[in-house]
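Here the sequence shown stands for residues -27 to -1, 1 to 221, where the numbers follow mature numbering (1 follows the signal peptide of the UniProt record, and there is no 0). Note that the Cβ used here is the ideal one computed from N, Cα and C, for glycine as well. As the structure is a computational prediction, the values presented were derived from the model and not from experiment. Single-structure report; data block below.
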Amino acid sequence: MTVWLDQGLGCWLVALQALAAWPLVQHGPLASSASLEGKGQLRFTSGRWSPHHNCSQVATASDTTVRGWDTRSMSQIYCIENAHGQLVRDLDFNPNKQYYLASCGDDCKVKFWDTRNVTEPVKTLEEHSHWYLGGVWNVRYNHSHDQLVLTGSSDSRVILSNMVSISSEPFGHLVDDDDLSDQEERRLDEKSQEPPRDSVIATYEEHEDSVYAVDWSSADPWLFASLSYDGRLVINRVPRALKYHILL
């Protein structure tokens, strides 16, 4: 698999047994690399570039372990052993909270981590079914509204979750008090005292086979697509009521 650096400064390849970088020049030499060390045949199964820290960090998965790397020194900066009970399938960084990372795996769980303290996950979701071979194959944060999280699984379902409690705006958008009437200000105060509640927004069951890929549109933050093993591509939108709740 290949992980691109957005600034166009290089190409990172997460291969089965190595993490490597090449500059984007013709016949460019290998810039740097790192490999897994330990007993047995350790292999990378997934990788994700962090959009934070000047794009100097990348996360990788190998078996049940998640590792973070500093690409300037090719050194390991954190390690989450037994992040999942079975194989880790996918990773994604929160685009708005620099230390937050999501992972999913064959144990049918989605976990959210604060990479500054990886002893325990910040949050765990178990919404996908355990009665199917495989697990959760994909997890994706919305590029603009990081409370919206997509997951796709071998149970043929796509789940859209509202992870507001661990988002960058757990209490909604900031509002200028000078623009509010007394009644509106009281309602806002009451709302701010309520703890944010995470929830499943919608479950999409248009697929008849395992869902192996989900992703958000880069042009429309309310549009997303899913792809299943049988080749069916489905495009959906975030429910309008939730869209306006987030915006207003």
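In the DSSP assignment, Y177 falls within the beta strand (DSSP E) that extends over 172 to 177. A direct Cα-to-Cα measurement between L123 and A56 gives close to 19 angstroms. The Cβ atoms of T18 and S35 sit closer than 8 angstroms to each other. Judged by DSSP secondary structure, Y217 falls within the alpha helix (DSSP H) whose first and last residues are 213 to 220. Sequence-distant partners of P194 (beyond 5 residues in either direction) whose C-beta falls short of 7 angstroms from its own C-beta, in its chain, are N115, H116, S117, H118.
In its chain, beyond the 5 residues on either side, Y105, L106, G107, G108, W110, S183 have a beta carbon closer than 7 angstroms to the beta carbon of S127.
Bounds of the beta strand (DSSP E) holding F85 are 83 to 87. Non-local beta-carbon contacts of R40 in its own chain, meaning distances under 6 angstroms to residues more than five positions away in sequence, involve T33, Q49, C52 in chain order. DSSP places G20 inside the beta strand (DSSP E), whose first and last residues are 19 to 22. Using a 10 angstroms sphere on the CB of A75, the tally of other CB atoms reaches 16 or more, which defines it as buried. If you look at R62, you'll find it in the beta strand (DSSP E) that goes 61 to 66. Distance from the CA atom of A192 to the CA atom of M136, rounded to whole angstroms, is 22 angstroms. Just so you know, the alpha carbons of Q120 and S134 end up roughly 8 angstroms apart. Here H101 is buried, its C-beta having at least 16 other C-beta atoms within 10 Å. Listed in chain order, the non-local C-beta contacts of K84 below 6 angstroms within the same chain comprise S76, P94, T97, local neighbours out to five positions each way being set aside.
Ranked by Cα distance from I139, the first of A186, I208, W189, Q71 is Q71. Relative to the Cα of C28, the nearest Cα in the group C81, T38, H103, W42 belongs to W42. Counting every other CB atom within 10 Å of its CB across the protein chains shown gives D80 a total of 16 or more, marking it as buried.
Taken through DSSP and simplified to helix, strand or coil, N135 comes out as strand.
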